[in-house]
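Heads up, the thing below is written out as structure tokens.
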Amino acid sequence: MKLAPPPVSASWNHRGARVGFEVVFLSDRNGGHRLAGHTTANESAALWSVGYRVTVDPSWRTVAVRASSRTDAGVREVRLTRDMADRWTVDGEPRPELDGCVDVDFESSAVTNTLPIHRLDFTVGRGVDVPAAFVRAGDLRVERLEQRYTLIEASPERLLFHYESSTFGFECTLTYDRAGLVIEYPGIATRDT
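The opening position of the sequence shown corresponds to residue 43 in our numbering, with each subsequent residue numbered one higher.
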């Protein structure tokens, strides 16, 4: 599945489970890629603002993550790193429950769903388990997220994936553009630009 190069920036309106806005800037860095973005939202009367910087290698495998969150409880920061054996540290401390994860996924973000799409070669009808280091929006708590992507359609205009997370008992159909960025995440976000 060949993808088009991603744009230098993109934005989403978050609606449904929360109301907010996300913007990301994508760039090539040191032979890999960087996603630097920010999401602000109101979710169930909780207000939060999350900034993030995700560095991935040339194969779109997460290497390092920095994030900050501002809520009414104050400002928090977290740093994650993944080594080549898929072992993770969070703020310098080993997190063996994340072993085997290759991607980071932010509760606050629609763009992190692009990482496995760029990294893996999907075939229509074949599901792929893609566990991720999941970063919560408000307190930046990091936990393991079990998720599965199944490519259900690949047309010249778009990609459709069945997404399911056994961690949250959630499933939906994600619509992507040919650059591998989410266009529609039902109940969460819609691509703006």
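Every residue gets a Cβ at the ideal spot worked out from N, C-alpha and C, and that includes glycine. All values derive from a computational prediction rather than experimental measurement.
Using the Cβ count rule (16 or more neighbours within 10 Å means buried), how would you classify residue i?
i	result
Ser101	exposed
Val117	exposed
Ala175	buried
Gly62	buried
Asp70	exposed
Gly211	exposed
Glu139	exposed
Val50	exposed
Less than 6 Å between C-beta atoms, sequence neighbours within five positions excluded: which residues of the same chain meet that for residue i?
i	result
Arg121	Arg108 and Asp133
Please report the Cβ distance between residue i and residue j, rounded to the nearest whole angstrom; I am assuming they are in contact, meaning their Cβ atoms lie under 8 Å.
i	j	result
Trp54	Thr232	6 Å
Ser91	Gly180	Not a contact, Cβ separation roughly 10 Å.
In angstroms, rounded to a whole number, what distance separates the CA positions of residue i and residue j?
i	j	result
Ala46	Arg200	11 Å
Gly79	Ala59	20 Å
Glu149	Leu77	15 Å
Ser208	Asp147	15 Å
Along the chain, where does the alpha helix (DSSP H) that runs through residue i open and close?
i	result
Leu157	Leu157 to Arg161
Excluding the 5 residues flanking residue i on each side, which residues of the same chain have their C-beta closer than 8 Å to its C-beta?
i	result
Pro198	Arg220
Val172	Val144, Asp145, Pro158, Leu162, Gln189, Arg190 and Tyr191
Ile194	Val166, Gly167, Leu202, Phe203, His204 and Thr215
What residue range does the beta strand (DSSP E) around residue i cover?
i	result
Ser111	Thr104 to Thr113
Asn23	The shown model of the chain, from 43 to 235, leaves out residue 23, and the question about it has no answer.
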